[in-house]
Amino acid sequence: MKNQIRGCVKINAEGKALYSFINTLHQRKIAIFRQYVKGGTLSAEIYHSDLAEVEELAEASGISLTHFEFETLSEQLRRRRGRFGLILGLIIIFGASLYFSSVIVTIDIQGNEAVSDAVILSALSEIGIEEGTQFGQINYIWSENQLRLMIDKIAWAGMHRTGHRLVVEVTEIVEKPDMLIERIPCNVVASRDAEIISTTVQDGQLMHIVGDYVFAGDMLINGITTDHNGNITLHHAMGKIMGKYSETANFSGNFTKERLTPTGKTDRRRKLRLFSLEIPLYFGKNRYEYSEKSEIDKPLYIFGKKIPISIETTEYMELNRISSTLSKEELKAELMEKVYLYEKNFLSDSEILQRDIKEKATKEELTLSVTYKLQGDICEQREIAIK
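Residue numbering for the sequence shown follows our numbering, starting at 64 and increasing by one per position.
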């Protein structure tokens, strides 16, 4: 750090009176370090403040002296001492640091789950607390009570300052869970036509055995039982009845389609975000009929600290509607993607035993008819009506 402030210069000296020159440097008490002599040449480092005196001694001793200065803070400042913009920039940075140290730069909300950050930030804004508010203007006790009263689901709230952040800690009200009635009398019926391959009953009376073929709506487990004395008991029928069944799905697509394709033209628009204020740095509107939009937000930092000032760049990529014709193989590949998506979303609870795909093509479209042989739970609970 000392060298960064004072500046450090690398020197190379050579001549007949080299060692006399070295002794003179030591006698003058000039700071010289990392020195060594090789091939009749002295290589060393000195401070920039001693350079003029060293040059005078070298000239007096008949020594050839060359030098260059390392990249240091003092060297950078000397090279830019005539640039008023740099000085102005340093003053602005210093002023901004002082300003941002006294205002809320970010609000950090902790402890909330049921209540969103947006709701809490909106409530804080109503009582005058938001990014840019002076810390000295905040009445913490009053603000904590107001926040708790404004949001019903908050049981306790606390605020404290940590550097440029306002930390808001909340404890939410733990609501009494709803009582779920899970023992309502019901039967278990078949959800689809299937062949039964296994049965497991937890409660109720099994009505079919393995190997039976049942239709959708047939009773599988009866929730009403009668003992030998004629007493009727209502059950919440439960069990797992596995069955094999078939299902067919159709997927169609046209050979000729209009697609949005990039034209290569882009339009970049920038905005300066200062806290919640947005200042456009562009003129006019985006006149692309169709476009894709991407946004990049680059915040500014001072001394490694993020401040609520950023440049938001929005790029619009122009798209053009182009009619294109697919080959049969290309269209089939698109339809197969729909098939796999259907299986992932709708058949994930079943095991696919077999998949049979049939194609039907016309001049305009291609249809894939997919017949599945599946295996899964076919139980469906149906409540018993009690008068």
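Idealized CB from N, CA, C, for every residue including glycine.
- Message: I want to know whether the segment 375-385 touches the segment 303-310 - three or more CB-CB distances under 8 Å.
- Response: no
- Any contact of the segment 348-358 with the segment 403-412, i.e. 3+ C-beta pairs under 8 Å? no
- Message: So, at 7 Å on beta carbons, what are the nonlocal neighbours of residue 223 in its own chain, with the 5 sequence-adjacent residues on each side left out?
- Response: Translated into the one-based positions of the sequence shown, residue 223 becomes position 160. These residues qualify, in order along the chain: 230.
- Item | Supposed contact pair residue 211 and residue 204 - C-beta distance, whole angstroms, cut 8 Å | By 1-based counting over the sequence shown, the position of residue 204 is 141. By 1-based counting over the sequence shown, the position of residue 211 is 148. With a Cβ gap of about 11 Å, residue 204 and residue 211 do not count as contacting.
- Is residue 257 near residue 273, with beta carbons less than 8 Å apart? In the sequence shown, counting from the first residue as 1, residue 257 sits at position 194. In the sequence shown, counting from the first residue as 1, residue 273 sits at position 210. No. Outside cutoff.
- Item | Contacting residues, own chain, Cβ-Cβ under 6 Å from residue 401 (five flanking each side not counted) | In the sequence shown, the residue the question calls residue 401 occupies position 338. Within the same chain, residue 401 has close Cβ partners 314.
- Message: If contact is defined by three or more beta carbon pairs under 8 Å, each pair taking one atom from either stretch, is the segment 327-335 in contact with the segment 121-133?
- Response: no
- Query: residue 168 and residue 227 look like a contact to me (Cβ under 8 Å); what is the Cβ gap, rounded to whole Å?
  - Reply: Against the sequence shown, residue 168 aligns to sequence position 105. Against the sequence shown, residue 227 aligns to sequence position 164. Indeed, because the Cβ distance is near 4 Å, the residues count as touching under 8 Å.
- Query: CA-CA distance, residue 220 and residue 361?
  - Reply: For the purposes of this step, residue 220 is taken as the residue at position 157 of the sequence shown. For the purposes of this step, residue 361 is taken as the residue at position 298 of the sequence shown. Going from the Cα of residue 220 to the Cα of residue 361 covers about 32 Å.
- Message: Measuring alpha carbon to alpha carbon, tell me which residue in 356, 390, 369 is nearest residue 382.
- Response: Here residue 382 is taken as the residue at index 319 of the sequence shown, counted from 1. Taking only the C-alpha atoms, the option nearest residue 382 is 356.
- Item | Whether residue 283 touches residue 233 by CB criterion (8 Å) | Here residue 283 is taken as the residue at index 220 of the sequence shown, counted from 1. Here residue 233 is taken as the residue at index 170 of the sequence shown, counted from 1. Result no, Cβ atoms of residue 283 and residue 233 do not sit closer than 8 Å.
- Message: Going by C-alpha to C-alpha distance, which of 107, 97, 70, 296 sits closest to residue 77?
- Response: Here residue 77 refers to the residue found at position 14 when the sequence shown is read from its first residue. Checked all of 107, 97, 70, 296; the closest Cα to residue 77 is 107.
- Message: Suppose the cutoff is 7 Å on Cβ atoms and the five residues either side in sequence are ignored; what does the same chain contact list for residue 73 look like?
- Response: Here residue 73 corresponds to residue number 10 of the sequence shown, with the count starting at 1. Closer than 7 Å at Cβ, skipping near neighbours: 108, 130, 131, 133.
- Give the secondary structure of residue 351 by DSSP, where H, G and I count as helix, E and B as strand, and everything else as coil. Along the sequence shown, one-based indexing puts residue 351 at 288. Of the three classes helix, strand and coil, the one that applies to residue 351 here is coil, per DSSP.
- In the segment 96-129, which residue ranges form an unbroken alpha helix (DSSP H) of at least 4 residues, counting only runs that do not cross its ends? The qualifying runs are 114-124.
- Message: What residue range does the alpha helix (DSSP H) around residue 409 cover?
- Response: Looking up residue 409 in the sequence shown gives position 346. Residues 391-409.
- Kindly list the residues whose CB is nearer than 8 Å to the CB of residue 200, restricted to its own chain and excluding five residues on each side of it in sequence; keep chain order. Here residue 200 is taken as the residue at index 137 of the sequence shown, counted from 1. Excluding sequence neighbours, residue 200 sits near 191.
- Message: Please report the straight-line C-alpha distance between residue 431 and residue 316, rounded to a whole angstrom.
- Response: Numbered from 1 along the sequence shown, position 368 holds the residue referred to as residue 431. Numbered from 1 along the sequence shown, position 253 holds the residue referred to as residue 316. Each residue's alpha carbon lies about 9 Å from the other.
- Task: Ignore the nearest five residues each way along the sequence and tell me which others in residue 174's own chain have a CB closer than 8 Å to its CB.
- Result: To locate residue 174, count along the sequence shown from 1; it is residue 111. If we look at residue 174 and ignore the five residues flanking it on each side, its Cβ neighbours are 232, 233, 234, 235.
- Query: Does the beta-carbon of residue 404 have 16 or more other beta-carbons within 10 angstroms, so that it is buried, or is it exposed?
  - Reply: In the sequence shown, counting from the first residue as 1, residue 404 sits at position 341. Flag for residue 404 reads exposed.
- Message: Mapping the DSSP letters down to three states, classify residue 211 as helix, strand or coil.
- Response: Translated into the one-based positions of the sequence shown, residue 211 becomes position 148. Correct three-state label for residue 211: helix.
- Compute the Euclidean distance between the alpha carbons of residue 398 and residue 392, then round it to the nearest angstrom. Along the sequence shown, one-based indexing puts residue 398 at 335. Along the sequence shown, one-based indexing puts residue 392 at 329. Distance between the alpha carbons of residue 398 and residue 392 is about 10 Å.
- Which one of 265, 320, 101, 327 has the shortest CA to CA distance from residue 386? Within the sequence shown, the letter at position 323 stands for residue 386. The shortest Cα separation from residue 386 among 265, 320, 101, 327 belongs to 320.
- Item | Backbone secondary structure at residue 345 - three-state DSSP | Sequence index remark: in the sequence shown, residue 345 carries index 282 (1-based). The answer is coil: DSSP assigns residue 345 none of H, G, I, E or B.
- Nearest to residue 176 (by Cα), restricted to the options 170, 112, 237, 418: Residue 176 sits at position 113 when you count from the first residue of the sequence shown. Taking only the C-alpha atoms, the option nearest residue 176 is 237.
- Verify the contact flag: residue 200, CB atom, against every heavy atom of the ligand COA, threshold strictly below 7 Å. This structure simply doesn't include the ligand COA, nor any ligand for that matter.
- Do residue 93 and residue 116 have their C-beta atoms closer together than 8 Å? For the purposes of this step, residue 93 is taken as the residue at position 30 of the sequence shown. For the purposes of this step, residue 116 is taken as the residue at position 53 of the sequence shown. Taking 8 Å as the Cβ cut-off, residue 93 and residue 116 qualify as a contacting pair.
- Task: Give every residue of the same chain whose Cβ lies closer than 6 Å to the Cβ of residue 267, excluding the five residues on either side of it in the sequence, and list them in chain order.
- Result: Against the sequence shown, residue 267 aligns to sequence position 204. Counting only Cβ-Cβ distances below 6 Å, and skipping sequence neighbours, we find 284, 285, 286, 298, 300.
- Query: For residue 181, which three-state DSSP category applies?
  - Reply: Residue mapping note: residue 181 aligns to position 118 of the sequence shown, counting from 1. It is helical.
- Message: So, at 6 Å on beta carbons, what are the nonlocal neighbours of residue 127 in its own chain, with the 5 sequence-adjacent residues on each side left out?
- Response: Taking the first residue of the sequence shown as 1, we reach residue 127 at position 64. Same-chain partners within the cutoff: 77, 78.
- Message: Here's a check: name, in chain order, each residue in its chain whose Cβ is nearer than 6 Å to the Cβ of residue 424, leaving out the five neighbours to either side.
- Response: Position 361 of the sequence shown, counted from the start, is the residue given in the question as residue 424. Correct list: empty, nothing qualifies.
- Message: Distance cutoff 8 Å, beta carbons only. Does residue 331 sit that close to anything in chain B?
- Response: The question asks about chain B, but that chain is absent: this structure has only one protein chain.
- If you draw a straight line from the C-alpha of residue 111 to the C-alpha of residue 207, how long is it? Indexing the sequence shown from 1 puts residue 111 at position 48. Indexing the sequence shown from 1 puts residue 207 at position 144. Distance between the alpha carbons of residue 111 and residue 207: 58 Å.
- Item | Limits of the unbroken beta strand (DSSP E) element including residue 432 | As a first step, residue 432 must be located in the sequence shown, where it is residue number 369. Run containing residue 432: 428-440, per the beta strand (DSSP E) assignment.
- Query: According to the Cβ coordinates, are residue 312 and residue 433 closer than 8 Å?
  - Reply: Taking the first residue of the sequence shown as 1, we reach residue 312 at position 249. Taking the first residue of the sequence shown as 1, we reach residue 433 at position 370. For residue 312 and residue 433, yes; Cβs fall inside 8 Å.
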